[in-house]
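S.K.: Take a look at the following structure, please.
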Amino acid sequence: LSACGGTSQLENDDDLDQQVGTWKTKLAKCSNKDHLDVVFYNVENLFDTQNDPLKNDDDFTPNGRNEWSKGRYEKKLINLSRVIQSIDHGAGNAAIIGLAEVENRAVVENLANTILPNGYGVVHQESPDQRGIDLALLYRKDMIKRLDEEFIRIEFSEQGYTSRDILYFKGQLNDETIYVFVNHWPSRRGGQKETEHRRLDAARTLKKRVEKLQRKDQDAQIIILGDFNDYPDNKSLTSVLKAKPKNSKSKRELVNLAYELEMQDKGTYPYKGDWGMLDQGIISDNLMDGIGLNICEETLEIHWKEFFLFYDKKYKEYKPNKTYGGPKYYGGYSDHLPIVLHFKTN
Numbered sequence: 007l008s009a010c011g012g013t014s015q016l017e018n019d020d021d022l023d024q025q026v027g028t029w030k031t032k033l034a035k036c037s038n039k040d041h042l043d044v045v046f047y048n049v050e051n052l053f054d055t056q057n058d059p060l061k062n063d064d065d066f067t068p069n070g071r072n073e074w075s076k077g078r079y080e081k082k083l084i085n086l087s088r089v090i091q092s093i094d095h096g097a098g099n100a101a102i103i104g105l106a107e108v109e110n111r112a113v114v115e116n117l118a119n120t121i122l123p124n125g126y127g128v129v130h131q132e133s134p135d136q137r138g139i140d141l142a143l144l145y146r147k148d149m150i151k152r153l154d155e156e157f158i159r160i161e162f163s164e165q166g167y168t169s170r171d172i173l174y175f176k177g178q179l180n181d182e183t184i185y186v187f188v189n190h191w192p193s194r195r196g197g198q199k200e201t202e203h204r205r206l207d208a209a210r211t212l213k214k215r216v217e218k219l220q221r222k223d224q225d226a227q228i229i230i231l232g233d234f235n236d237y238p239d240n241k242s243l244t245s246v247l248k249a250k251p252k253n254s255k256s257k258r259e260l261v262n263l264a265y266e267l268e269m270q271d272k273g274t275y276p277y278k279g280d281w282g283m284l285d286q287g288i289i290s291d292n293l294m295d296g297i298g299l300n301i302c303e304e305t306l307e308i309h310w311k312e313f314f315l316f317y318d319k320k321y322k323e324y325k326p327n328k329t330y331g332g333p334k335y336y337g338g339y340s341d342h343l344p345i346v347l348h349f350k351t352n
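The sequence shown begins at 7 in the working numbering and counts up one residue at a time.
Dropping the structure here:
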């Protein structure tokens, strides 16, 4: 197993499970032909090798700091596709895949065709992000009919600041309509408190759109995915978006499936020995009512396999085997673990 900063084989599956904090979703109730997966994956800087003068992508060119060659790009596509193909024991039931940190539509299409040739429709639009990274959504064309899409501009209070738009997708699965929002909120670079207002603005923008949707359709089945750069118990998610733990009694609530995992110190992104639950899945509570499309076991899965992890001897912890650490090339996968929401239809 290739490791960042050293090579070490994984030592014990039980220790690994405890370290990574994986919540092994019970799939017994989902193991039928009507089981499908919804995935979110921050893929860590999926750039092509071409210099785009309108983007800050100079590092990801053959002559740039990262020496980003065609070979490295193609290896990245294969690596990411292996991760996604390994979900649900390779059953290939990923009906929807939300992606963060993609440069443009071309890289998304290349990844989609590497996962399943001609199998996925692509939703993407260039965003005003300062780093030149976007969001995208893939949907299985044989499972879901695309009804609508939109890219929602975040209303920032900080003059001149820009970030990724929020991706909105409306689709039809059999006779059910689903509404999906994909997010990658502003980072904490510069300090959590110093940058919190940006994530609060993102939460307000999303909440405004969700409330508008629920006023129009009080039974709207909503799935919110993303790297929020905040944790499930932070103000942006609890107080502004009002995404709560699953035991809330209120009607038409948003339920954060990642909340319990965060309380158990589990996560998708490691930082100096701590795992943070930055990547989250939030659903409307009618996806837990036992009627029609429903979430399995009222939780989500933090997905990992041995092949895309390494053991960091310095911090004595398992981590995602990423592509780069600064300018150093490791040839891995991503610095985040993907999350999976397992659904069943009754």
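Glycine is no exception: its CB is placed at the ideal position from the N, C-alpha and C atoms.
Between which residues of its own chain and Ile103 is the CB-CB distance below 6 Å, once the five residues before and five after are set aside?
M.R.: One-based indexing of the sequence shown puts residue 103 at position 97. Val45, Leu144, listed in sequence order.
S.K.: Using alpha carbons as the reference points, say which of Ile288, Gln178, Tyr174, Asp318 lies closest to Glu304.
M.R.: To locate residue 304, count along the sequence shown from 1; it is residue 298. Of the listed residues, the one whose Cα sits closest to Glu304 is Ile288.
S.K.: Can you list, in chain order, the residues of its chain with a C-beta nearer than 7 Å to that of Asp207? Leave out the 5 residues immediately preceding and following it.
M.R.: Your numbering for residue 207 matches position 201 in the sequence shown. Closer than 7 Å at the Cβ level, and outside the excluded window around Asp207, lie Ile160, Glu161, Phe162, Ser163.
S.K.: Taking only runs of the beta strand (DSSP E) that begin and end inside the stretch 126 to 159, which ones reach a length of at least 3 residues, in chain order?
M.R.: List check, beta strand (DSSP E) in window: 126 to 130, 140 to 146, 150 to 158.
S.K.: Any chance the CB of Thr67 is under 6 Å from a heavy atom of the ligand ZN?
M.R.: This structure simply doesn't include the ligand ZN, nor any ligand for that matter.
S.K.: Ignoring anything shorter than 3 residues or poking outside the stretch 182 to 262, list the beta strand (DSSP E) runs there in chain order.
M.R.: Those beta strand (DSSP E) runs which fall completely within the stretch 182 to 262 and span 3+ residues are 182 to 190, 227 to 233, 260 to 262.
S.K.: Is Asp318 helix, strand or coil when you go by DSSP?
M.R.: Residue numbering aside, residue 318 sits at position 312 when the sequence shown is read from its first letter. If DSSP states are grouped into helix, strand and coil, Asp318 belongs with the strands.
S.K.: Which same chain residues end up closer than 6 Å to Asp65 when comparing Cβ atoms and leaving out the 5 residues on each side of it in sequence?
M.R.: In the sequence shown, the residue the question calls residue 65 occupies position 59. Cβ within range, chain order: Arg71, Asn72.
S.K.: Give the list of continuous alpha helix (DSSP H) stretches no shorter than 4 residues that lie fully inside the stretch 29 to 108.
M.R.: The qualifying runs are 76 to 91.
S.K.: Looking at the unbroken beta strand (DSSP E) that takes in Asn300, where does it start and where does it end?
M.R.: Residue mapping note: residue 300 aligns to position 294 of the sequence shown, counting from 1. First-last of the beta strand (DSSP E) with Asn300: 299 to 301.
S.K.: Round the Cβ separation of Glu200 and Pro238 to the nearest angstrom and send it over; I've been treating them as touching at under 8 Å.
M.R.: Within the sequence shown, the letter at position 194 stands for residue 200. Within the sequence shown, the letter at position 232 stands for residue 238. In fact, because the Cβ distance is near 21 Å, the residues do not count as touching under 8 Å.
S.K.: Residues in the same chain with beta-carbon distance under 7 Å from Lys82, minus the five sequence neighbours each way, listed in chain order, please.
M.R.: Within the sequence shown, numbered from 1, the residue matching residue 82 stands at position 76. Cβ within range, chain order: Leu52, Thr329.
S.K.: Quick one: residues in its chain with C-beta nearer than 6 Å to the C-beta of Lys32, no 5 flanking neighbours on either side, listed in chain order?
M.R.: Looking up residue 32 in the sequence shown gives position 26. Reliability of the predicted coordinates at Lys32 is poor, the pLDDT of 44 falling under 50, and no value is obtained from them.
S.K.: With Glu323 as the anchor, note down where its alpha helix (DSSP H) starts and where it stops.
M.R.: Position 317 of the sequence shown, counting from 1, holds the residue named residue 323. Premise fails: Glu323 lies in the beta strand (DSSP E), 323 to 326, not in any alpha helix (DSSP H).
S.K.: What are the boundary residues of the alpha helix (DSSP H) that Tyr265 is part of?
M.R.: Working through the sequence shown from its first residue, we reach residue 265 at position 259. Here the alpha helix (DSSP H) through Tyr265 covers 265 to 269.
S.K.: Per DSSP, which one or two residues make a beta bridge with Thr351?
M.R.: Taking the first residue of the sequence shown as 1, we reach residue 351 at position 345. DSSP output for Thr351 lists Leu299 as bridge partner(s).
S.K.: According to DSSP, what are the bridge partners of Gly337?
M.R.: Along the sequence shown, one-based indexing puts residue 337 at 331. Gly337 is not bridged to any residue.
S.K.: Does DSSP classify His342 as helix, strand or coil?
M.R.: Indexing the sequence shown from 1 puts residue 342 at position 336. Note: His342 maps to coil in three-state DSSP.
S.K.: Per DSSP, what kind of secondary structure is Leu284 in: helix, strand or coil?
M.R.: In the sequence shown, the residue the question calls residue 284 occupies position 278. If DSSP states are grouped into helix, strand and coil, Leu284 belongs with coil.
S.K.: From Tyr275, Val129, Gly125, Gly296, pick the residue whose C-alpha is nearest to that of Ala112; which is it?
M.R.: In the sequence shown, residue 112 corresponds to position 106, counting from 1. Ala112 has its Cα closest to that of Val129, out of Tyr275, Val129, Gly125, Gly296.
S.K.: From what residue to what residue does the alpha helix (DSSP H) around Leu117 run?
M.R.: The count along the sequence shown starts at 1 and reaches residue 117 at position 111. Leu117 -> alpha helix (DSSP H) spans 111 to 121.
S.K.: Kindly give me the distance between the Cβ atoms of Lys147 and Gly125, rounded to whole angstroms, as I take these residues to be in contact under 8 Å.
M.R.: On the sequence shown, position 141 is the one that residue 147 refers to. On the sequence shown, position 119 is the one that residue 125 refers to. That pair is a contact at about 7 Å.
S.K.: May I ask you to list the residues that DSSP assigns as paired with Gln178?
M.R.: Your numbering for residue 178 matches position 172 in the sequence shown. According to DSSP, which records beta bridges pairwise, Gln178 is partnered with Lys151, Thr183.
S.K.: What's the call for Lys195, buried or exposed, on a 16-neighbour Cβ count within 10 Å?
M.R.: As a working mapping, residue 195 is identified with position 189 in the sequence shown. Note that residue 195 is Arg in the sequence shown, not Lys. Exposed is the call here.
S.K.: Given a cut-off of 7 Å, decide if Gln224 and Leu293 are closer than it, judged by their beta-carbon atoms.
M.R.: Looking up residue 293 in the sequence shown gives position 287. Looking up residue 224 in the sequence shown gives position 218. Cβ distance not < 7 Å, so Leu293 and Gln224 don't count as in contact.
S.K.: Less than 7 Å separating the beta-carbons of Leu284 and Asn235?
M.R.: Along the sequence shown, one-based indexing puts residue 284 at 278. Along the sequence shown, one-based indexing puts residue 235 at 229. In this structure, Asn235 lies closer than 7 Å to Leu284 by Cβ.
S.K.: Reducing DSSP to helix, strand and coil, say where Leu293 ends up.
M.R.: By 1-based counting over the sequence shown, the position of residue 293 is 287. DSSP places Leu293 in helix when its eight states are reduced to three.
S.K.: Smallest Cα separation from Gln198: which of Lys278, Lys241, Asp140, Asp291?
M.R.: Position 192 of the sequence shown, counting from 1, holds the residue named residue 198. Nearest option by C-alpha distance: Lys241.
S.K.: For Glu312, which three-state DSSP category applies?
M.R.: As a first step, residue 312 is located in the sequence shown; it is residue number 306 there, counting from the start. Reduced to three states, the DSSP call for Glu312 is helix.
S.K.: Opposite Gly331 in the DSSP bridges: which residues?
M.R.: Translated into positions along the sequence shown, residue 331 becomes position 325. Answer is Lys334, bridged to Gly331.
S.K.: Do Ala106 and Asp291 have their beta-carbon atoms positioned less than 7 Å apart in this structure?
M.R.: Working through the sequence shown from its first residue, we reach residue 291 at position 285. Working through the sequence shown from its first residue, we reach residue 106 at position 100. No, these two residues do not count as a Cβ contact at 7 Å.
S.K.: Taking its Cβ as the centre, do 16 or more other Cβ atoms sit within 10 Å of Pro192, making it buried, or is it exposed?
M.R.: Your numbering for residue 192 matches position 186 in the sequence shown. Buried.
S.K.: Can Leu260 and Ile308 be called in contact, C-beta distance under 7 Å?
M.R.: Within the sequence shown, the letter at position 254 stands for residue 260. Within the sequence shown, the letter at position 302 stands for residue 308. Against a cut-off of 7 Å, the Cβ pair of Ile308 and Leu260 comes out as no contact.
S.K.: Kindly identify the DSSP beta-bridge partner or partners of Tyr167.
M.R.: Here residue 167 is taken as the residue at index 161 of the sequence shown, counted from 1. Partner(s): none; Tyr167 has no beta bridge.
S.K.: Sort Pro333, Pro276, Gly296, Asp295 by Cα distance to Tyr321 and report the nearest one.
M.R.: As a working mapping, residue 321 is identified with position 315 in the sequence shown. Answer by Cα proximity: Pro276.
S.K.: Leaving out the 5 sequence neighbours to the left and right, which residues in its chain are closer than 7 Å to Val246 when beta-carbon positions are compared?
M.R.: For the purposes of this step, residue 246 is taken as residue 240 along the sequence shown, with counting starting at 1. Leu206, Ala209, Arg210, Lys213.
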